[in-house]
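Its first residue numbered 1, the sequence shown is counted upward by one per residue in UniProt numbering.
Backbone N, C-alpha and C define an ideal beta-carbon position, used for all residues, glycine too.
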Amino acid sequence: MRHVIALDVGGTGMKAALAGASGVAPRAGTPSLPHQARRPTGRERGPDAVVEGILDFAAELRAYGEQHFGEPAAAVGVAVPGIVDEERGIAAYSANLGWRDVPLRQLLTERLGGIPVALGHDVRTGGLAEGRIGAGKGADRFLFVPLGTGIAGAIGIDGRVEAGAHGFAGEIGHIVVRPGGPACPCGQRGCLERFASAAAVSEAWAAACGDPEADAADCAKAVASGDPNAVRVWQEAVDALADGLVTALTLLDPRTLIIGGGLAEAGETLFTPLRDAVRRRVTFQKLPEIVPAALGDTAGCLGAGLLAWDLLGHTNSTEVAP
1 MRHVIALDVG GTGMKAALAG ASGVAPRAGT PSLPHQARRP TGRERGPDAV
51 VEGILDFAAE LRAYGEQHFG EPAAAVGVAV PGIVDEERGI AAYSANLGWR
101 DVPLRQLLTE RLGGIPVALG HDVRTGGLAE GRIGAGKGAD RFLFVPLGTG
151 IAGAIGIDGR VEAGAHGFAG EIGHIVVRPG GPACPCGQRG CLERFASAAA
201 VSEAWAAACG DPEADAADCA KAVASGDPNA VRVWQEAVDA LADGLVTALT
251 LLDPRTLIIG GGLAEAGETL FTPLRDAVRR RVTFQKLPEI VPAALGDTAG
301 CLGAGLLAWD LLGHTNSTEV AP
């Protein structure tokens with residue numbers, strides 16, 4: 001069976017799969033993958049060990065494909081966090097993983113016997129999957145915004161995700177929504193992710209309730225039970241998020257706005273007030289459909305598979321898995 005290696009590298013874990021090219025699973029309409037595996041990233045051992053772990057994991061996947069599918073993988077797609085030079089195949093910088101200017105495409109190509117390798121940014125790669133086979137399927141223009149430790153975005157246009165001239169397209173988390181607000185690691189003050197990321201909500205709720213172990217999921221539960229302090233914390237986050245999203249939709253005019261990440265797991269506790277807040281803010285803008293992400297934590301891996309098939313020129317708008 002012809003297949004590719006799909007690898008999603010995170011701050012703490014790596015998700016991988018071998019992906020065929022015959023489309024999505026019948027009837028259910030959800031992607032299926034013939035082989036999946038996970039490994040710890042091992043960042044506590046340093047950046048060189050992380051890189052070696054990626055290479056070893058990819059080699060294991062290649063060997064598995066040869067043994068079980070009768071042929072080696074045709075290509076590799078890899079999604080990594082941080083700043084990514086996709087054209088040159090370099091993982092330029094990642095604060096979480098501690099690396100700088102890692103020629104990951106070259107290293108993987110050499111380790112895997114010369115097969116082609118595509119390297120992508122983790123959020124843009126997840127957005128690619130959501131846009132083609134997930135919540136944005138069929139939308140000619142979409143914006144994918146995962147709300148996790150930070151906030152980033154992926155701008156989708158006609159089945160592709162825009163990287164920008166310098167690889168920074170979609171960094172919605174660093175739109176300033178509260179001028180003069182808390183300092184952000186990026187060097188600005190009042191950035192969106194300082195108010196509306198899962199990490200920001202966790203911090204605000206822990207302070208409000210007096211429990212340093214409380215997190216955003218606890219806040220969402222308290223909102224659902226009517227706790228006034230939780231409602232206040234949550235609404236402040238929703239308002240900041242709506243301000244950032246309206247700025248983005250004013251510039252980008254997406255048909256679909258896809259919200260993912262840990263905060264989106266709150267379901268309608270998030271989406272009902274968020275839709276209302278965005279609706280109140282739009283004037284001349286066309287209100288997009290605001291929907292939850294559909295692929296969960298598999299989006300990055302599925303997107304990496306799409307990158308690999310794109311590299312081979314075999315992907316249409318739905319192909320990713322057998």
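Inter-residue spacing [alpha-carbon to alpha-carbon] between residue i and residue j
| i | j | result |
| --- | --- | --- |
| G70 | G170 | 40 Å |
| residue 358 | P212 | Residue numbering for the chain in the displayed model covers 1 to 322; residue 358 lies beyond these limits and cannot be assessed. |
| G190 | T283 | 24 Å |
| A19 | G11 | 23 Å |
| G261 | C209 | 23 Å |
| F144 | A299 | 11 Å |
| K221 | A206 | 13 Å |
| E319 | F271 | In this prediction, E319 has a pLDDT of 41, which is less than 50 and means its spatial position is unreliable; nothing more can be read from the coordinates. |
| V278 | L192 | 15 Å |
| R39 | D101 | 23 Å |
| V238 | I115 | 45 Å |
| E289 | R141 | 11 Å |
| Q67 | R43 | 30 Å |
| R281 | L249 | 11 Å |
Selection from the options that minimises the alpha carbon distance to residue i
| i | options | result |
| --- | --- | --- |
| A37 | V291, E44, L7 | L7 |
| L302 | P47, V76, E60 | V76 |
| L252 | I172, A208, H3, A165 | I172 |
| A240 | A74, A198, C209 | A198 |
| A163 | G138, V84, A206 | V84 |
| P103 | G113, V278, A95, E86 | E86 |
| A74 | L61, V80, G82 | L61 |
| P81 | G138, G187, V50 | V50 |
| M1 | L287, P72, P254 | P72 |
| D56 | T109, D101, H35 | T109 |
| K15 | G167, E44, G313, G305 | G305 |
| H3 | G167, L274, A63 | A63 |
| D48 | G226, G65, S94 | S94 |
| R111 | L33, F168, E52, G65 | E52 |
| L33 | A17, C186, H68 | A17 |
| A152 | R141, G126, D140, R160 | G126 |
CB-CB length for residue i against residue j, believed under 8 Å
| i | j | result |
| --- | --- | --- |
| D243 | V291 | 20 Å between Cβ atoms; not a contact. |
| I259 | A293 | 7 Å |
| I54 | V9 | 6 Å |
| residue 329 | A165 | Any answer about residue 329 is impossible in this case: the structure gives the chain only from 1 up to 322. |
| L147 | L263 | 4 Å |
Spatial neighbours of residue i in its chain, beta-carbon cut-off 6 Å, leaving aside the 5 residues before and after
| i | result |
| --- | --- |
| V223 | A230, V231, W234, T269 |
| G29 | Low per-residue confidence applies at G29: pLDDT is 40, beneath 50, and the placement is therefore not dependable, though the value from the model is reported in the following sentence. Nothing listed; no residue qualifies. |
| G296 | none |
| A135 | I258, V291, A293, A294 |
| L311 | A75, P116, A118 |
Same chain, Cβ closer than 7 Å to residue i, five either side skipped, listed in chain order
| i | result |
| --- | --- |
| R194 | G181, P182, C184, A200 |
| A266 | A220 |
Sequence-distant residues of its chain with Cβ nearer than 8 Å to residue i (five each side left out)
| i | result |
| --- | --- |
| G46 | G98 |
| E236 | F195, A204 |
| T41 | V9, G10, G11, T12, G13, M14, V50, G53, L97 |
| A214 | S202, W205, A206 |
| P179 | R189, G190 |
Residue i at chain C interface by Cβ criterion, 8 Å
| i | result |
| --- | --- |
| E236 | No chain C appears in the structure shown, which is made up of a single protein chain. |
Inter-stretch contact (C-beta, 8 Å, three-pair minimum) for the stretch 124-132 and the stretch 155-163: yes
The stretch 114-123 / the stretch 78-90 touching (three or more Cβ pairs under 8 Å): yes
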